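Worksheet for the structure shown next.
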Amino acid sequence: MTAEQIIQQILFFISAALTLGSAVMVVATRKLIQAALWLIVSLFGVAVLYALLDASFLVVVQVVVYIGAIAILFIFAVMLTQRDQRDKGPQLNKSWVLAALVGLATFGGLTFLVSSWTGFGAAAAPIPAGTVDMVADLGTALVSVDQYVLPFEVASVLLLAALIGAIYVAYNRK
Amino acid sequence: MNFWNDPVAFIADWLSGIFAGWGMPEFWSNLLVFAIGIFVLIAAIMVVDIFLVWIERKVVARFQDRLGPNRLGPYGLIQPFADIIKLLIKEDITPRTADKVVYNLAPILSMSSVLILWAIIPLAPLAWGVDLNVGVLYLVAAGAIGALSIIMAGWASDNKYALLGAFRQVATMISYEIPMVAALLIPVMLAGTMSMQGIVEAQTFGEPGVWFILVAPLAALIFAISSIAELGRSPFDLNEAESELVSGYHIEYSGMKFGMFYAGELLHAFTFGGFWGILFFGGYSVFGLETLPGLQWLSSPFIAVFMILVKALVGYWIIMWVKYTVPRIRIDHMLAFNWKILVPLSFTLIMLVAVLNKLLLGYGTLVYVAGMFLANVLLAIVTIMILGAYARRQRLAEEAALQIPARAAGD
Amino acid sequence: MIPLSWYLILSAALFSIGLFGVLARRNAIAILMGIELMLNAVNINLVSFWRYGSPAEMSGQVFAIIVFAVAAAEVAVGLALVISVYRRRKTVVANEIDMMKW
Chain A
183 MTAEQIIQQI LFFISAALTL GSAVMVVATR KLIQAALWLI VSLFGVAVLY ALLDASFLVV
243 VQVVVYIGAI AILFIFAVML TQRDQRDKGP QLNKSWVLAA LVGLATFGGL TFLVSSWTGF
303 GAAAAPIPAG TVDMVADLGT ALVSVDQYVL PFEVASVLLL AALIGAIYVA YNRK
Chain B
31 MNFWNDPVAF IADWLSGIFA GWGMPEFWSN LLVFAIGIFV LIAAIMVVDI FLVWIERKVV
91 ARFQDRLGPN RLGPYGLIQP FADIIKLLIK EDITPRTADK VVYNLAPILS MSSVLILWAI
151 IPLAPLAWGV DLNVGVLYLV AAGAIGALSI IMAGWASDNK YALLGAFRQV ATMISYEIPM
211 VAALLIPVML AGTMSMQGIV EAQTFGEPGV WFILVAPLAA LIFAISSIAE LGRSPFDLNE
271 AESELVSGYH IEYSGMKFGM FYAGELLHAF TFGGFWGILF FGGYSVFGLE TLPGLQWLSS
331 PFIAVFMILV KALVGYWIIM WVKYTVPRIR IDHMLAFNWK ILVPLSFTLI MLVAVLNKLL
391 LGYGTLVYVA GMFLANVLLA IVTIMILGAY ARRQRLAEEA ALQIPARAAG D
Chain C
13 MIPLSWYLIL SAALFSIGLF GVLARRNAIA ILMGIELMLN AVNINLVSFW RYGSPAEMSG
73 QVFAIIVFAV AAAEVAVGLA LVISVYRRRK TVVANEIDMM KW
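First to last, the protein sequences are chains A, B and C. The working numbering puts the first sequence at residues 183 to 356. The working numbering puts the second sequence at residues 31 to 441. The working numbering puts the third sequence at residues 13 to 114.
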């Protein structure tokens with residue numbers, strides 16, 4: 183194993199620990215603002231994982247969409263609700279033990295399922311020769327008629343619908 | 031390979047030669063060379079940043095008919111160091127109810143969100159941090175981290191003025207991000223790539239090979255307006271708004287933590303001046319002169335770095351010019367200006383440029399440039415006419431509403 | 013090198029943590045955060061299958077981008093609903109929003 187591979191593995195462990203550790207903090211912290219900030223750390227860890235997976239476009243989109251828009255939206259929403267109302271009392275409901283069991287069972291089941299699959303320990307497939315710019319390939323795939331132009335357009339309609347819906351729902355009628 | 035034409039590779043080779051002489055494996059020596067490169071780049075930027083303080087104070091003094099710093103050193107050049115000493119020995123205050131970790135993290139994030147931008151700035155033909163193929167999006171992502179640092183500062187200070195300032199600033203940043211991304215898409219479309227390096231090269235060696243300011247002046251204007259909003263500078267400085275919010279999100283910060291915000295803001299303005307130069311004014315190119323025969327020596331990295339710094343300073347000066355000339359506008363006006371004017375205008379511009387770019391490309395450089403330029407000007411005139419008609423209608427309606435009670439009082 | 017299994021286990025763990033958040037948190041905003049974690053776990057899976065399966069085809073990344081769009085839409089509408097409910101009923105606790113139960 184070369185030094186580069188070892189460094190990749192170390193990076194993976196650091197970002198995995200970051201992602202999972204802060205994800206646990208998201209669901210366990212009492213203060214909601216801190217949960218939102220931990221969520222940002224977790225999303226950032228996922229961005230590093232995308233970088234390790236050579237998906238450069240997704241790394242940047244993860245930061246722009248999740249950290250720049252979704253996390254900020256969460257922080258705004260938390261701040262718009264009253265502090266003593268949102269942070270008082272228990273933050274977990276009565277059946278949290280059951281929820282933890284369900285979570286553990288899901289993790290065990292998923293791990294068992296994928297580990298019985300033959301491609302479980304597969305190594306990364308080589309990037310095909312002649313790939314100059316993967317972002318350009320992705321862009322072409324998104325708009326070419328025989329590939330993904332329909333899902334792409336449907337996603338844009340969905341975003342428009344969400345925009346209108348969010349404005350309508352949150353609009354304060356005087 | 032000589033020093034004059036490719037200094038970065040020259041020095042890197044020399045360094046890795048030395049490290050190899052010490053018996054270091056190639057991988058580690060490369061890593062060390064990269065680390066040294068990053069350190070040198072950041073150190074150079076921070077030194078520039080120190081003098082930006084002096085430039086800002088000197089320029090604002092000229093705009094306000096004052097002298098500015100003039101006691102320490104020639105033309106007051108030592109003044110920024112005195113400022114730094116003052117900031118360093120000031121008492122470092124943390125509010126008792128503040129969230130300590132977030133409070134201390136915010137200035138660091140604010141500064142680093144600016145510093146990471148320099149990774150993608152092409153300083154010279156063969157000198158840049160990294161040539162990302164998603165460079166333009168990276169610029170937007172760094173802005174997202176900046177917005178995050180501001181809301182962290184505003185919330186962690188546990189002060190209502192800080193929180194209000196942060197709210198305003200983040201609302202501005204999120205909404206002005208849309209016309210900014212739309213304006214950024216136009217150089218991307220014209221160059222056919224998102225990499226900063228590719229955009230600079232397309233303006234010198236591309237198909238028409240002209241600066242994008244000639245092809246898309248309106249996009250340059252929209253980018254300038256939205257980047258001033260992103261910077262939170264006047265006329266969009268509602269985040270600070272001294273008269274109502276005291277000083278906005280950094281109200282509780284003192285000493286060097288405040289210094290980080292302040293230096294980060296100045297460097298951010300300078301950096302956006304640089305991006306303006308890169309995206310619309312040919313980046314490091316010397317007015318395209320280096321493509322002429324006999325003037326090849328002009329493409330040397332040393333001249334290129336000088337050019338990009340000059341262009342960044344000009345952009346920075348324009349930002350300061352706007353800042354110290356135009357008064358602050360109200361937040362609802364600001365958001366209405368964004369959503370009702372800039373966003374529709376930038377989307378129309380994208381469609382116009384995309385269609386014309388394909389139509390006119392076959393007719394030679396002159397027709398292409400003239401056609402694109404005139405289309406931009408035409409769109410701007412139409413926008414101004416629509417706005418004028420709307421304003422006239424509003425004014426007439428207001429006057430009519432005022433006149434009826436006035437007449438009733440007179441009778 | 014990193015085998016595919018590491019990514020899959022990581023994603024399963026992230027999904028389960030998110031699921032726990034959705035099931036156990038009382039605050040509606042925190043529940044939405046749990047959903048975000050689950051969506052991210054799905055995305056890690058999609059991208060790692062793309063990278064380890066067939067990097068020549070862009071399907072994995074395209075799916076991930078669609079998930080981004082859906083996540084953004086879901087958060088915008090979800091948080092608008094939470095704010096709207098909070099404005100009318102002064103609560104963000106999911107259990108107390110039960111007018112439709114009977």
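We put the CB at the ideal spot given by N, CA and C, even for glycine. Computed from a predicted structure; not experimentally measured.
Note to self: Please state the DSSP three-state secondary structure of A157 of chain B.
What the structure shows: strand
Checklist line | Residue of B:L404, B:K353, B:I380, B:A410 minimising C-alpha distance to F93 of chain B | finding: B:K353
Notebook entry, point to check: Secondary structure at R196 of chain C, three-state DSSP: helix, strand or coil?
Noted result: One cannot answer for residue 196 of chain C here, as it falls past the ends of chain C, which runs 13 to 114.
Notebook entry, point to check: Are the beta-carbon atoms belonging to R99 of chain C and L274 of chain A less than 9 Å from one another?
Noted result: no
Note to self: Please give me, in chain order, every unbroken run of the alpha helix (DSSP H) with length at least 4 that falls completely inside the region 336–387 of chain B.
What the structure shows: 361–366
Check: So what does DSSP say about L162 of chain B, is it helix, strand or coil?
Finding: coil
Notebook entry, point to check: Using a Cβ-Cβ distance under 9 Å, would V242 of chain A count as near chain B?
Noted result: yes
Note to self: With the cut-off set at 9 Å, would you say L16 of chain C and F61 of chain C are in Cβ contact?
What the structure shows: yes
Next item on the list: Check whether the Cβ atoms of L51 of chain C and V284 of chain A lie closer than 9 Å to each other.
Entry: no
Next item on the list: Tell me whether Y350 of chain A is buried or exposed, calling it buried when 16 or more other Cβ atoms sit within 10 Å of its Cβ.
Entry: exposed
Checklist line | C-beta atoms of W237 of chain B and L391 of chain B nearer than 9 Å | finding: As written in the sequence, residue 237 of chain B is Glu, which differs from the Trp given in the question. Taking 9 Å as the Cβ cut-off, E237 of chain B and L391 of chain B qualify as a contacting pair.
Notebook entry, point to check: Can you tell me where the alpha helix (DSSP H) with H298 of chain B in it begins and where it stops?
Noted result: 285–310
Next item on the list: Would you mind stating whether L26 of chain C and L49 of chain C have Cβ atoms separated by less than 9 Å?
Entry: yes
Margin query: Do V206 of chain A and I41 of chain C have their beta-carbon atoms positioned less than 9 Å apart in this structure?
Written below: no
Item checked: Given 8 Å, three or more beta-carbon pairs between the region 334–346 of chain B and the region 357–374 of chain B -> no
Next item on the list: Would you be able to state if there are at least three C-beta pairs under 8 Å between the region 130–148 of chain B and the region 298–306 of chain B?
Entry: yes
Next item on the list: Output yes if chain B places a C-beta closer than 9 Å to the C-beta of M207 of chain A; else output no.
Entry: no
Margin query: If I follow the unbroken alpha helix (DSSP H) through N134 of chain B, where does it start and stop?
Written below: 130–145
Next item on the list: Express the C-alpha separation of E274 of chain B and G307 of chain B in angstroms, rounding to a whole number.
Entry: 35 Å
Margin query: Quick check on the burial criterion: 16 or more other C-beta atoms within 10 angstroms. Buried or exposed for L58 of chain C?
Written below: buried
Notebook entry, point to check: Can you list, in chain order, the residues of its chain whose CB lies under 6 Å from that of A217 of chain A, leaving out five sequence neighbours each side?
Noted result: V208, T211
Next item on the list: On a CA-only basis, which of C:K113, C:D110, C:I95, C:E108 is nearest N354 of chain A? Give me that one, please.
Entry: C:I95
Next item on the list: Assuming A177 of chain B and Y314 of chain B form a contact by the criterion Cβ under 8 Å, report the distance between their Cβ atoms to the nearest whole angstrom.
Entry: Not really, about 29 Å apart at Cβ, beyond 8 Å.
Notebook entry, point to check: Counting only beta-carbon atoms, is Q329 of chain A nearer than 9 Å to chain C?
Noted result: yes
Next item on the list: Please classify V240 of chain B: does DSSP put it in a helix, a strand, or coil?
Entry: coil
Note to self: Less than 9 Å between the C-beta atoms of M350 of chain B and E86 of chain B, yes or no?
What the structure shows: yes
Check: By the criterion of Cβ-Cβ separation under 8 Å, what are the contact partners of E186 of chain A in chain B?
Finding: F57
Notebook entry, point to check: Do A81 of chain C and A348 of chain A have their C-beta atoms within less than 9 Å of each other?
Noted result: no
Notebook entry, point to check: Within the 9 Å Cβ cut-off, does M111 of chain C reach chain A?
Noted result: no
Check: What does V209 of chain A pair with, by DSSP beta-bridge criteria?
Finding: Answer is none; V209 of chain A lacks a bridge partner.
Checklist line | Supposed close pair L261 of chain B, E295 of chain B - CB separation, criterion 8 Å | finding: 7 Å
Next item on the list: Tell me whether S238 of chain A is buried or exposed, calling it buried when 16 or more other Cβ atoms sit within 10 Å of its Cβ.
Entry: buried
Checklist line | Contained alpha helix (DSSP H) runs [length at least 4] in the region 70–114 of chain C, N- to C-terminal order | finding: 71–101
Margin query: Going by DSSP in three states, L328 of chain B sits in which element: helix, strand or coil?
Written below: helix
Next item on the list: List the DSSP bridge partners of L274 of chain A.
Entry: C:R37
Check: Is it true that the CB of A259 of chain B sits closer than 9 Å to the CB of Y206 of chain B?
Finding: yes
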